[in-house]
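A short write-up of the structure that comes next.
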Amino acid sequence: MSGSEVGESSSQQTGRQNGAQEATERRQSLVSESSQTAREYIESQLQLEADARQALPYSFDSCTQPLGPLRQTLFACLTCNPPSTNPDEPSRSAAVCYSCSISCHGEHTLVELFNKRNFVCDCGTTRLPSTAPCTLRSDPQTGEKAVHSQEPAPGNRYNKNFQNRFCGCGELYDADKEKGTMYQCLGLGTTETGGCGEDWWHPECLIGLPRDWNETVNGQAANDGEKEIEENGNGKDDGDDNAAEEETPLPPGFPEEDDFAAFICYKCVESNPWLKRYAGTPGFLPPVFKGGGLANKTSAPSGDTAATDERPISKKRKADEDQDPEDEQVSKRPKAENSDAQPDSSNETKSDPGNPGGPKYKHEFLPSTAPSGVFSLFLKEDFRDHLCRCPTCFPNLASHPQLREEEDTYEPPLSDDGNEPNGGGSTGTGSLLERGEAALSNIDRIRAIEGAMVYNHLRDKVKEFLKPYAESGKPVSAEDIKSYFEQLRGDYQEISKAGNDGNE
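The sequence shown begins at 1 in UniProt numbering and counts up by one.
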């Protein structure tokens, strides 16, 4: 054997040793990166639970059905009640509360309806299949959990939202494809009375524009831009990079978001025509017409308020600056003092020195003729202060408490944040670690010792199983762990013996 052959063989051997060492180091590195201590595991689990509590901040261990009609967040279950493909055979509508959407329908396809007033949770009633019972309530007669087939609340009202259709256009809602912002009507009527039932609206649909109006405008603008580039000989458009990041703009003729706090759609205005005279008066924007928006002022309000129509509406707080001190009593009055049965005497305004006929009610300052045409009303933050509550006008407000005062919306109790000792141990909403600690603290001393001994025995067995892998640097596969625990299940007698030894 020549020296060159010896040198080559020695070089190959060194290369193999270096390669093996590098492979071992890589395996150790991978094992180190993928392994974690018990503390790290617990901390990672606590972080996952904290993230879950942030996404679902409220406790979901009690159904709202026993509380009766509420304004609350609702969810429609499309798994239990799929939308009908035949318009002549409408699907059965139903909605469930926040807690039932998680505890009873957590694996179903849900549509968030947001807030609806005067609604009782339908979970566990005949409006949902018996195969999806309410697991949060017990049958009042038998005491059995998971109730179903109960009678639904007769006062519940439904619209197309419960079938995942929204707005006057009736489109199916797809959160992944929907662009722009939708606005919820204050809802002054149900579909049975000619209203919308607190529907959500696209801005363009409120003013008679097609859904793709923005694409049409952008297409025209793109064509104009190409012509301009060709004329100027400039092949660069600085706005292209930012176009994709821009939000969908509001259509022309639709009020700016900062100019209004709420709105009443044209359906609800048409079913309550007494509201039309308020258009363009203090607390209300000019009418937003179904055909043309703010630009289509087919007729201007006449009478004493001609000057008020010219007031700027660019700032939402403008009406607050002109608010009468006596009007403030209405907005600051505690809810307990509000009466549904009688008109508000503070509705009287100061007497006009030029008219000694006594106090005048607010409706007397409204225009004598309402704007003609079909339109929506957009309301400023203080609109309630400007609604007349005299004996003549109060009956119009009596059936619409949302016009008299801001509504309370029910919110479930917040889930325990786990910061307190044994937090959530009794309600089932704390972290798994805290609930385990709470359970351990509640068992007797003998069983706690038995459990600790079984745990120690199991720990020693697992350490013995993992030791060869740690020494060789070989990673532990899922199959290795599975086969080991299958073997460990057959070792039950030895584990039981360790527990019995603690009793001696």
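All residues carry an ideal CB built from backbone N, CA and C; glycine is no exception.
Just so you know, these numbers come straight off a predicted model, no measurement behind them.
- In the structure shown, the three-state DSSP call for PHE289 is strand.
- In terms of Cα proximity to ASP259, the closest of VAL288, LEU403, TYR266 is VAL288.
- Of all C-beta pairs linking the stretch 279 to 294 to the stretch 364 to 374, three or more are shorter than 8 angstroms, placing the two stretches in contact.
- For ARG384 and GLU364, the gap between their C-alpha atoms comes out near 16 angstroms.
- Classified as exposed, TYR455 has fewer than 16 neighbouring CB atoms from the shown chains inside 10 Å of its CB.
- In this structure, the straight-line span from the alpha carbon of ASP61 to that of GLY283 is close to 42 angstroms.
- Beyond the five residues adjoining it in sequence on each side, SER149 comes within less than 6 angstroms, by CB distance, of THR126, SER130 in the same chain, given in chain order.
- Counted as a single uninterrupted DSSP element, the stretch harbouring CYS390 is not any alpha helix (DSSP H), since DSSP gives it neither H nor E.
- In the three-state reduction of the DSSP assignment, THR109 falls in the coil class, being assigned neither a helical nor a strand state.
- The C-beta of GLN54 has fewer than 16 other C-beta atoms within 10 Å across all chains shown, which makes the residue exposed.
- The alpha carbon of HIS202 has as its nearest neighbour, out of PRO154, THR190, CYS265, PHE485, the alpha carbon of CYS265.
- Minimum Cα-Cα distance from TRP213 among the listed residues GLU192, TYR58, THR248, PHE465 corresponds to THR248.
- The C-beta of ARG389 has 16 or more other C-beta atoms within 10 Å across all chains shown, which makes the residue buried.
- Relative to the Cα of PRO152, the nearest Cα in the group LEU294, CYS104, GLN65, CYS167 belongs to GLN65.
- Sequence-distant Cβ neighbours of THR392 in its own chain, meaning closer than 8 angstroms and more than five residues away, are TYR361, HIS363.
- Annotated three-state conformation of ASN456 is helix, per DSSP.
- Per the C-alpha coordinates, the member of ALA94, SER483, ALA52, LEU128 positioned closest to ARG157 is ALA94.
- 8 angstroms or more divides the Cβ of GLY195 from the Cβ of GLY208.
- The Cβ neighbour count for PHE162, taken over all protein chains shown within 10 Å, is at least 16; the residue is labelled buried.
- A straight-line Cα-Cα distance of about 30 angstroms links SER138 and ALA50.
- The residues LEU128, PRO129, ALA132, in chain order, have a CB closer than 6 angstroms to that of CYS80 in the same chain once the five nearest residues on each side in sequence are set aside.
- The three-state reading of DSSP puts GLN45 in helix, counting H, G and I together.
- For SER99, the enclosing alpha helix (DSSP H) has its first and last residue at 98 to 103.
- Beyond the five residues adjoining it in sequence on each side, LEU172 comes within less than 8 angstroms, by CB distance, of PRO83, ASN164, ARG165 in the same chain, given in chain order.
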